[in-house]
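In our numbering, the protein residues as written are 95 to 637.
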């Protein structure tokens with residue numbers, strides 16, 4: 095009964111918001127002139143829409159509540175987006191072995207039990223089959239339902255980084271994964287965004303993700319991750335020139351793919367930040383999308399700050415340095431692997447100057463490491479924040495995350511900090527963190543003994559006794575000061591209370607949750623994981 099009342103309240107609130115949205119938002123099918131008038135006279139406010147104000151972190155990344163974003167997209171634009179994904183992503187799915195016919199993990203569906211018509215908050219679930227109770231639909235998901243493909247590498251040859259397998263880096267792109275920053279980028283389409291009863295018109299929106307995008311599209315699921323760009327269409331609509339969302343040009347709405355707790359992305363970012371590792375700001379949102387068929391509740395998302403928009407300036411106070419998002423062979427920094435193409439520049443692209451990241455590659459693989467260790471370390475520390483990397487490595491290894499450096503050649507940024515002229519390591523895309531494995535992929539051990547020289551930033555640093563001591567000290571400090579049972583219990587309980595009603599209201603086809611119970615159990619599993627990792631750390635440190 096409490097869940098029913100909660101869902102009815104959520105539905106009521108969402109319908110009220112969308113009523114206002116429908117009255118105030120201009121259709122994309124109207125003329126450009128009419129849209130310009132609407133933007134200039136009705137929606138545009140200096141403190142919310144202009145680029146002359148500082149990013150309002152307190153409003154956009156409010157940590158005390160779950161906020162709501164309503165997205166409205168013209169039906170023809172939505173159709174174009176789906177056709178683009180079908181043509182490019184589905185084609186790649188078939189090209190890598192038609193995983194739709196392979197053994198797959200269960201589709202993580204949403205709760206559809208006592209949600210009113212049109213779903214939870216503005217959603218619609220499938221009808222209950224005759225003879226099936228609402229509880230049956232909610233808690234007993236048919237095994238034969240459509241399921242997402244395995245992430246690349248979860249069948250066939252084990253991609254784990256083990257000495258016995260030559261510790262070869264697993265690459266997203268080379269394994270056929272869709273990359274939104276490489277060969278294919280989903281198309282931008284127009285949308286209107288409503289938040290806090292304020293509307294932003296002609297906002298660019300596109301699907302985002304690599305293996306997650308391919309999996310969602312391949313499974314026929316609808317819970318896409320989105321990237322928003324508030325002045326993407328300023329050349330078409332000059333009236334939105336330099337339009338911002340409370341000072342932000344771009345933002346990411348991550349769907350919490352493959353995460354039944356819906357909180358791994360956020361918790362990981364919180365932990366990195368608390369321990370002094372530079373990381374993006376995040377917060378919880380619920381998302382509703384209307385693409386011409388009425389408002390649909392898309393569930394709980396994690397809003398993630400864009401690094402090459404406000405993130406770098408917020409973290410370092412100066413965003414004029416080179417920012418890279420490595421993805422591909424060279425992202426391992428293994429000897430003989432370097433190429434500019436894998437070091438995607440996110441700033442200063444026209445200069446095409448890769449000398450800083452090339453210097454790191456040359457130093458880490460220099461013969462001086464074997465002939466003059468102290469000189470090698472001095473050269474390395476001149477171009478790379480070694481201490482910052484070891485701090486990240488300690489946190490990442492304690493909390494466990496197989497989907498990043500040491501296993502995979504992606505999911506981090508490098509930034510040349512103008513203040514120090516050193517490259518800084520910035521973690522990214524942490525939805526696979528906080529558990530030991532996914533399929534055949536396992537997180538690295540605390541001692542990292544299995545990592546070989548195909549991952550030189552780990553292997554060569556930890557081969558040095560001084561760096562190894564620093565790493566161990568950070569492992570100890572992190573578990574003593576941040577990743578404690580008491581602190582994590584409080585964090586998980588707080589986030590659980592924030593999002594549980596919205597998690598319960600998620601519906602099939604727009605959720606990665608199997609049932610209300612599986613959401614609850616997964617959160618409890620996260621708490622148990624903290625205890626297990628603290629015990630593992632204590633065992634490791636006394637060896």
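Think of the CB as a built atom: it goes at the ideal place given N, C-alpha and C, for glycine as much as any other residue.
Just so you know, the alpha carbons of residue 446 and residue 420 end up roughly 15 Å apart. Beta bridge pairing from DSSP links residue 393 with 381.
Collapsing the DSSP output to three states places residue 565 in a helix. Burial check for residue 472: the Cβ neighbour count within 10 Å stays below 16, so the residue is exposed. Within its own chain, the residues whose Cβ lies closer than 7 Å to the Cβ of residue 478, once the five positions on either side in sequence are excluded, are 454, 516, 517, listed in chain order.
Looking at the DSSP output, residue 300 shares a beta bridge with 321. Secondary structure remark: continuous alpha helix (DSSP H) runs of at least 4 residues inside the segment 131-184, in chain order: 140-143, 151-154, 169-179. The beta carbon of residue 140 lies closer than 8 Å to those of 146, 147 in the same chain, with the five residues before and after it left out. Listed in chain order, the non-local C-beta contacts of residue 399 below 8 Å within the same chain comprise 155, 342, 345, 346, 374, 375, 376, 405, 408, local neighbours out to five positions each way being set aside. In this structure the segment 585-593 does not touch the segment 315-328; the number of beta carbon pairs closer than 8 Å is below three.
A distance below 9 Å separates the beta carbons of residue 350 and residue 395. The C-alpha of residue 504 is placed about 15 Å away from the C-alpha of residue 302. According to the DSSP secondary-structure assignment, residue 417 is paired through a beta bridge with 509. If you look at residue 625, you'll find it in the alpha helix (DSSP H) that goes 610-635. The segment 356-369 makes contact with the segment 525-543: 3 or more CB pairs, one atom from each, lie closer than 8 Å.
Taking residue 297 as reference, the option from 493, 416, 360, 168 with the minimal CA-CA separation is 168. Distances from the alpha-carbon of residue 449 to those of 461, 422, 433 put 433 closest.
Under DSSP, residue 283 forms a beta bridge with 299. Uninterrupted beta strand (DSSP E) stretches at least 3 residues long and entirely within the segment 395-457 occur at 417-420, 437-439, given in chain order. Exclusion of the five residues before and after residue 576 leaves 365, 368, 369 as the residues of its chain whose Cβ lies within less than 7 Å of its Cβ. In the structure shown, residue 516 adopts extended strand secondary structure according to DSSP, grouped into three states. Annotated three-state conformation of residue 496 is coil, per DSSP. In the DSSP assignment, residue 289 forms a beta bridge with 292. For residue 551, the uninterrupted alpha helix (DSSP H) run begins and ends at 550-557, by DSSP. Look at residue 462 here: in three-state DSSP terms it is helix. Distances from the alpha-carbon of residue 520 to those of 418, 599, 360, 456 put 418 closest. Here the alpha carbons of residue 361 and residue 618 stand approximately 14 Å from one another.
Counting the other CB atoms within 10 Å of its CB gives residue 600 a total of 16 or more, which places it among the buried residues. If you compare the alpha carbons of 389, 604, 509 with that of residue 414, the shortest gap goes to 509. Cβ-Cβ distances below 7 Å link residue 356 to 350, 394, 593, 597 in the same chain, with the five nearest sequence neighbours on each side left out; the list follows chain order.
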